[in-house]
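Numbering (the working numbering), first residue to last: 475 to 1640. Heads up, the beta-carbon is just placed ideally off N, CA and C, and yes, glycines get one too. No experiment lies behind these values; they were computed from the predicted model shown. For reference, the structure discussed in these notes is given below.
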Amino acid sequence: MVYYGGGPRSNSIYYNQCAPKVTCDRNAIYRTINGSCNNLQNPLWGCSDTPYIRLLEGAYNDGDHEVRRQMDGSMLPSPRKIQLLLFLEKSRDFPDCNNYHFSQVGQWLTHDMSLLPPDIGGPKTCCDIPIEEINNNSPYQCQLVIEVPTNDPVHGRNGKTCMNFRRAMTAAHNFSCPVIPQTPMNQATPFIDSSQLYGHKLAKANSIRMFVGGRLKTDIIDENEFCPLRKRNGSLLCDGRDNVGICFEAGDPRINQHFGITSYTIMFTRFHNVVTEILQQINPHWSDEVLYQETRKFLGALNQIVAYQYYLPNLLGKSYTKRYGLYLSEFKRTKYNPLLIPQLSLEFAGGAFRVPHNVVASFYNYVGENYEILDSVRLNEFMSFSDPLVKCSNLDNIVRGMTVIPGRYFAPSFNYLISNFMFHGHVTGDNDLLAVDIQRGRDVGIPPYIKIREWCGLPPIDSFEDLLNFLPFDDVETLRELYATVYDIDLLVGALLEPPVDGGTVGPTAQCILADVFYRVRFGDRFFCDVEGQPGKQFETLRNLNLGHVICATTEMDEVPFDIFDPTICMYKDFRKRRPVIYNGDGPRSNSIYYDECAPKVSCQRNAIYRTINGQCNNLKNPLWGAAETPYIRLSEAAYNDGVYEVRKQENGSRLPRPRELQLTLFLRRSLDSRDQYHNNCHLSQFGQWANHDISLMKPDTTGPEYCCDTPIQEINSNSPYQCQLAIEVPTNDPVLESYEQTCMEFRRAMTAANNFNCPVIPQTPMNQATSFIDASQLYGHTVYTAASIRTFNGGRLKTDIINGHEFCPQKQRYGSLLCDERDDVGVCFEAGDPRLNQNFGLTAYTTMFTRFHNVIADKLRKLNPKWPDEKLYQEARRFLGALNQKIVYADYLPILIGESFTKRSGLELRKNRRTIYNPSLMPQLTTEFAGGAFRVPHNTLPSFYNYINKDYDIVDSVKFVDWMSKPDPLVKESNFEDIVRGMTMTTSRMFTPSFNFYISNFMFRGHLTGNQDLLSVDIQRGRDVGVPPYTTIRKLCGFKEITSFEDLTEILSIEDVVLLKTLYSSVDDIDLLVGALLEPPVDGGTVGPTAQCIIADVFYRIRYGDRFFFDVQNQLGSYSLEQLRILKNLDLGHVLCVTTELEEVPKLPVINIHLEFGSQRLGRL
């Protein structure tokens, strides 16, 4: 970076011949209103009404004012043509991890530092002249009106051929100063001094002062304080239409431009008056002038802090701002440099600082005090129209919306509305902001993109091919089509196409130019807030303030995020105070080795309206977040004895108690079923498993020995094949399995990134082979291959087999694994998206029902839209089923699992008037603590039996859950399918006790090739296998009271259980997560304890708010309309049952047991 003192082109003609004479008070402690006398040797440096400087020679064809031509002598391409060919197709909004305040602070600062007004002399409307007649002989002001192509896809249909554009006011044309080449005048002060609030000239400043108590003028409207009203004049500044009644006045004339800038000006006006009243109370002897100036100084300093401590690190990248002295250091004060001209460059004002227009969002959202979106309005429809802000609580709702709604992602485009309809319905007509910005750069003589890159010291570009080093091929080819040579590309065009720098939102060329100016206006400012010589204690106080304090002091909002640009922090305050949950963005352990070294390269289609099968490209910046075959994340350090893979030991160095020993001592005595007191039916546990198979697939490593238990259990140790090192020992005195002479249970360690995917993630980390999103991938598949294998590719339908006149999932070859049994008496084995569908009757039934439901939806869509191809029918039906599953999870399942009140507090409830706000900084990945621990607690509600209940509600048979695992044959016979589903609906679930049912605790997969298994022992061992930290560590992570002894446990667990735990574990810090979580009493209204509640809520928060395609997210390509959402939210699992079975009625909420006319005696039989 080069920070030239006076700048390469410092307009010496102006300062030597035209500048007014100024006398400075060398002892003045306040800066002047117009910025003069900041530099005592050069008193007009940084003053308003002085020329912008140039970093390079002005790029004019005639060296004075005629717009440059291309290298071959031809005209530059029309700005609107550039928009249409390069940018418009990218103009859709994508949510950012910053909120609206990020773009609004940028504009607030622009209006503080720069005012480049158009020359309003000459014709009233330039487009009154036919576009083909406009040339160099036309009135100067109108020579650069923007041509609209006749085939313009937006405006061509209306016959629009011209967009109004006026050239900027210059020293020569408007200020009688012959500066050559033509140079615009900055009518603002370049300093960050809040002059957009106070004014850039003394007359304006005085006109908005009360001259009493240091206050600014305000008008009271409906008992609220607003900026003073002024006469409407029908310009860009205030609209003159009859339906517009409000026009505010402040230091800068652009105050009424749109809701955001108006809100900021109102808030800072109020804040000025708040501060001056406090100062008057503290210093009652101070005069009006001192109160005014001290408050003005304070607000100027506050804006500098917002700029350098919060805004620039996000704009340019935090590491860059620190490297180049732009960050406010706690230990180093700003050193004023009187040789540095604090003037804005034209390359900044007419080019680089227009790049952040790409984060301006399309809509303003009114968000109520309960954080529901009350309304959304288009940005362009309320430009210069401030009337709504004074009504009711609209100002607070707009500011709250700016705070909690994500802004627009920094894409290489401007949003669609300001790209086509800026100032829609205004006297100027629809405008294209990007075309205007490109034309302004040409108007003020900004050199081409390549020359600016060269000035910045970036690698040289000598051909279009050189651009391929950092720009996409398609963009380079379009640039080649538009421009004669690479040297002709406009600065804004090239800068906008560049990918953003690390940690920033602009590319390296814009970063360079922006940094140059912000360096100048800080180190060239004698009055900068932390300049050496200022009182230290006052600045330390100032450093602790930010924009949030302004919002809190001037609106009715009762909470704002500490990081004012973070849209997620303040939305769910209650549950954070009462039951903290872990939302750490990408997680404390985000597997950076995998993403940096091993992850496949992914190219995303930014305009895709359907999620990919494998979950890739949900997050456009991190396309593998949430995808299948990516590592689970960790919320805490992995608990391995060697830090890598060896199962942890106890605090005293001994081995952990055997899982089967824990089962026998703590849980088995409670394993008999008791009926759910809250009348939940079997759909509660079954839907939980269905949802689990959607988001998690932690496969065991099937390499190595065929059966681990072929090795005697006493010989299995750390030298055994790693797959078999954790085979589960069965005690010789086992009260259940002793009679079977079973000493070992099969257990294989999970597949990990290092062992199975050639990726050296340390510690060993399991891979999730499912997508983390609720997307019905257990039905459709987690890979493209699987998805294609079960499609018909006709009418959008999935494959099915017709058996006994009914539609079932297609059958596949049986191969004797846990997935399908191979014994002679087993004849049916189904295929679907997830390999586990044959595991039990319930899971098979669900997969069958949702397969049928997909085909029903596809058929209905085909009737409604006969022209839709197979792919669209399939994707729309798939999208609908994914949305339905999300709705069931968040509206019906989670409130029962973790408690309805907690679901509301934690932002997991589906609210009628509040849509999900996508947060791209949130990693939608499952945690090992969830998949290997907390989400195994609901296994305690699995019933022991499946009941066949006929249409007369008689129980015609009951079969043990474990007897038919991987054997779905009975489901295809007669009416068995309906009877099983009816039985799940009418049978009360197992009460959520601290135990698993007796059969899955002893005989899971009984008679199968693996032998009898104990699901609870397997679950405990899986937690150890994947390095899940102990119970007390996770409780602390959740924010609960720290447990330091077994005695502390008596506050939450029964004394009997604590005594037994003390005999099993050497220390309270050794207890397994699943063991402690299962022993906890359930939370109010839920079926799990507080620790499981915490970990489960964390994941369901991640995979909702980190899901760009979540069904009620707004402002996405293809987002459901409010009417579509209303229909979706009225559907539930019962509709699937009714459509896909012969059941005649189901409960309104299928996870609640209904009491039909068959009475209590029949209930007793259940």
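Using 8 Å as the threshold, is the C-beta distance between residue i and residue j below it?
i	j	result
Cys1198	Pro1179	yes
Ile603	Arg554	no
Met1225	Pro1240	yes
Gly1559	Ser1375	yes
Phe895	Pro974	no
Asn811	Gly998	yes
Tyr766	Thr750	yes
Please state whether DSSP places residue i in a helix, a strand or coil.
i	result
Glu1374	helix
Lys1434	strand
Pro553	helix
Thr736	helix
Gln1487	strand
Ile872	helix
His1280	strand
Glu621	strand
Gln1197	helix
Met1172	coil
Residues in the same chain with beta-carbon distance under 6 Å from residue i, minus the five sequence neighbours each way, listed in chain order, please.
i	result
Ser1469	Phe1141, Arg1144 and Ser1145
Tyr478	With a pLDDT of only 49 at Tyr478, under the threshold of 50, the placement of this residue in the model should not be trusted; the figure read from the coordinates follows. No residues qualify anywhere along the chain.
Asn1092	Gly1100 and Arg1582
Glu1203	Arg1132 and Ile1187
Asp1308	His1167 and Gln1252
Val1121	Arg1498
With a CB to CB cut of under 7 Å and the five nearest residues on each side skipped, what residues in its chain are close to residue i?
i	result
Asp567	Ala835, Ser836, Arg882, Asn889 and Asn1589
Phe827	Thr584 and Leu988
His575	Met876, Thr877, Leu1021, Ile1038 and Phe1039
Val548	The question names Val, but residue 548 in the sequence shown is Ser. So the list reads Ala958, once near-sequence residues are dropped.
Arg450	Since the first residue shown for the chain is 475 and the last is 1640, residue 450 is missing from the structure and cannot be characterised.
Hey, how far is the Cα of residue i from the Cα of residue j?
i	j	result
Asn1278	Glu1448	7 Å
Leu891	Pro494	43 Å
Leu550	Pro922	11 Å
Ser1395	Ile1067	19 Å
Leu1158	Phe1419	15 Å
Leu753	Leu690	14 Å
Glu928	Pro934	6 Å
Asp499	Cys511	8 Å
Tyr1084	Arg1410	31 Å
Arg1461	Val1500	Just to set this straight, residue 1461 is Thr in the shown sequence, not Arg. Distance between the alpha carbons of Thr1461 and Val1500: 35 Å.
Arg770	Gln755	17 Å
Glu1305	Phe1324	13 Å
Leu1019	Tyr784	11 Å
Tyr1196	Ser1263	33 Å
Glu1125	Ser1540	7 Å
Asp936	Val960	7 Å
Asp1168	Ser1251	5 Å
Val1005	Thr663	19 Å
Pro1504	Gly1550	9 Å
Leu907	Gly825	13 Å
Thr1217	Asn1476	13 Å
Ser669	His746	13 Å
Asp849	Asn1486	58 Å
Ile487	Cys651	8 Å
Near residue i, what residues of its chain come up, given a Cβ to Cβ distance below 8 Å and the 5 sequence neighbours on each side ignored?
i	result
Phe1574	Val1363, Tyr1364, Leu1368 and Leu1382
Glu1071	Cys1233 and Pro1234
(Q) If we require 3 or more residues per run, which beta strand (DSSP E) segments fall completely within the region 808-896? (A) 837-841, 847-852 and 880-882
Q. Where are the beta strand (DSSP E) runs, 3 residues long or more, that stay fully inside the region 556-596, in chain order?
A. 569-573
Q: Could you tell me which uninterrupted beta strand (DSSP E) segments, each at least 3 residues in length, are contained entirely in the region 1383-1432, listed from first to last along the chain?
A: If we require 3 residues or more, the beta strand (DSSP E) runs fully inside the region 1383-1432 come out as 1419-1423.
Q.
I'd like the ranges of any alpha helix (DSSP H) spanning at least 4 consecutive residues and lying wholly in the region 1060-1090.
A. none
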